[in-house]
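Notes for the one structure printed next.
Protein chains in written order, with this note's numbering: chain F, 1 to 211; chain S, 1001 to 1290.
Set out below in structure tokens:
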């Protein structure tokens, strides 16, 4: 061991450690205050103040609120159509649109009748009802009759058209995955062309109206 | 130990502060969370898993799927798209109104071939001026809120996942690693029962470069009896069984697939708005109906 005598004497000359209290350095206090300030500032900007409904990238409830779908347009029509569907259609077609084989009621979910390019035949069908055989998703349904639900809705002709439009919009949106709004004016035009009819439609007549 | 009281107090404060932050505050925030309503259809969300899907959650857990698959979709930002649906009766004044806000769109193509996107901006306030200007002259617009982010551009979801998505998960399995793709929306991305079964039996037969191990333990290889099973997998190539044999999914495979098909975190909620809303969930459970 060739220890440098000078170095070893340096070590021994070092002060003994003590356990006494010493004042915290001022720079450390300043650093902590700065960090605390910056973190509080960041939290205020992006933290959402512990709101359970606020997730990034939104920063406040007001911010999330601004991005909500505007009332009016398809959102509102779908919500209204859902209520009308529950009141008038769900008793046979079920809330989930799966139909009810027990009373001869075909399903709406993914049905080619629901997915038709325009709502023309759906409006005709809702207005005047349907009897006779109808093929839905490759299966023939022949035991049930659909009543003229549209004609028996309460209200004036304009109100009926508005309600049928909402139901058609909801059914196409929910069960056909088609996000296109059916307009009351469109429904009124279709209903005007079939207003003298009293009998139910048949599937062939509907297909002729809208292939 | 003359300062033992101080040490105890300091440790107590430190531990209770973290307990308050990680347990107490989240419990106060979300502990009583219940079904919420989707927007705009006002369906209840989420629905509790039942039957096969509930058992499948346990199979998912026991097989350790969570070690390679996450169930959480991230979102970095949000964009607002303004679609011009109808230029109105006076198309030239509509074009002028658009051009006032976006001069670069001052050309006749802007108002032909509708619906057409006329703005794609980061803030909804920026789209408001345009919407106001166009509707004032009789034009019709649609405003779509589109979440953005790397997970969303991979097609793993339409929006970020939020606490509401997990309230009926008794063991929440959001995952920590992504050796495989995220599964938060696998039920809407890959809704085909047979695809899922074939993929579990032989992943490479469905996804060429898959690194997922084959879960053959979930299937039974057996001799074809008098009549071949209707449930037997239709397999070709390397994964096909030898002649005279068939591969039939066990109950566990059916449960796991029912669970996978039930994974859909895409209902539009208040806390994560997205328009147009994704198509509604299929009302029939194809697995249960089988």
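A virtual CB, placed ideally from N, CA and C, is assigned to each residue, including glycine.
- Here residue 1072 (chain S) is buried. Its C-beta has 16 or more other C-beta atoms within 10 Å.
- Following the DSSP letters along the chain, one finds residue 1083 (chain S) inside the beta strand (DSSP E) bounded by residues 1077 to 1086.
- Around the C-beta of residue 1267 (chain S), 16 or more other C-beta atoms lie within 10 Å, and the residue is accordingly described as buried.
- Short of 8 angstroms from the beta carbon of residue 1076 (chain S), and not among the five residues preceding or following it, lie these beta carbons of its own chain, in chain order: 1148, 1149, 1150.
- Take the alpha-carbon of residue 1205 (chain S) and the one of residue 1190 (chain S): they are about 15 angstroms apart.
- One alpha carbon belongs to residue 1012 (chain S), the other to residue 1024 (chain S), and they sit about 16 angstroms apart.
- Excluding its 5 nearest sequence neighbours in each direction, residue 142 (chain F) has C-beta neighbours in its own chain below 6 angstroms: 133, listed in chain order.
- For a cut-off of 8 angstroms, the C-beta gap from residue 126 (chain F) to residue 167 (chain F) is around 6 angstroms, short enough to register as a contact.
- Cβ neighbours of residue 115 (chain F) within its own chain (closer than 7 angstroms, five residues either side excluded): 176, 178.
- The residues 84, 153, in chain order, have a CB closer than 6 angstroms to that of residue 163 (chain F) in the same chain once the five nearest residues on each side in sequence are set aside.
- Looking from the CA of residue 1121 (chain S), the closest CA among S:1177, S:1186, S:1169, S:1145 belongs to S:1145.
- With a 10 Å radius around the Cβ and a threshold of 16 neighbouring Cβ atoms, residue 1110 (chain S) comes out buried.
- Sixteen is the threshold: when 16 or more other Cβ atoms of the shown chains lie within 10 Å of the Cβ of residue 93 (chain F), as they do, the residue is buried.
- Listed as beta-bridge partners of residue 1272 (chain S) by DSSP are S:1269.
- In this structure, the beta-carbon distance from residue 180 (chain F) to residue 172 (chain F) falls below 8 angstroms.
- Contact with chain S is absent for residue 184 (chain F), since none of that chain's Cβ atoms lies less than 8 angstroms from the residue's Cβ.
- The three-state secondary structure of residue 1146 (chain S), taken from DSSP, is strand.
- The C-beta of residue 1160 (chain S) comes closer than 8 angstroms to at least one C-beta of chain F.
- Taking C-beta separations shorter than 7 angstroms and ignoring five residues to either side along the sequence, residue 156 (chain F) has no partners in its chain.
- Taking 8 angstroms as the cut-off between beta carbons, the residues of the segment 1256 to 1278 of chain S near chain F are 1268, 1270, 1271, 1272, 1273, 1275, 1276, 1277, in sequence order.
- Residue-level contact by beta carbon fails for residue 145 (chain F) and chain S, as no gap is shorter than 8 angstroms.
- Under the three-state reduction of DSSP output, residue 1067 (chain S) falls in the helix class.
- For the segment 1167 to 1189 of chain S, the set of residues with a beta-carbon nearer than 8 angstroms to any beta-carbon of chain F is empty.
- Nearest in C-alpha terms to residue 1047 (chain S), of all of S:1169, S:1083, S:1234, S:1138, is S:1169.
- Taking C-beta separations shorter than 6 angstroms and ignoring five residues to either side along the sequence, the partners of residue 1252 (chain S) in its chain run 1059, 1218, following chain order.
- Among the residues of the segment 61 to 88 of chain F, those with a Cβ less than 8 angstroms away from any Cβ of chain S are 64, 66, 67, 68, 69, 70, 73, 74, 75, 76, 78, 79, 82, in the order of the chain.
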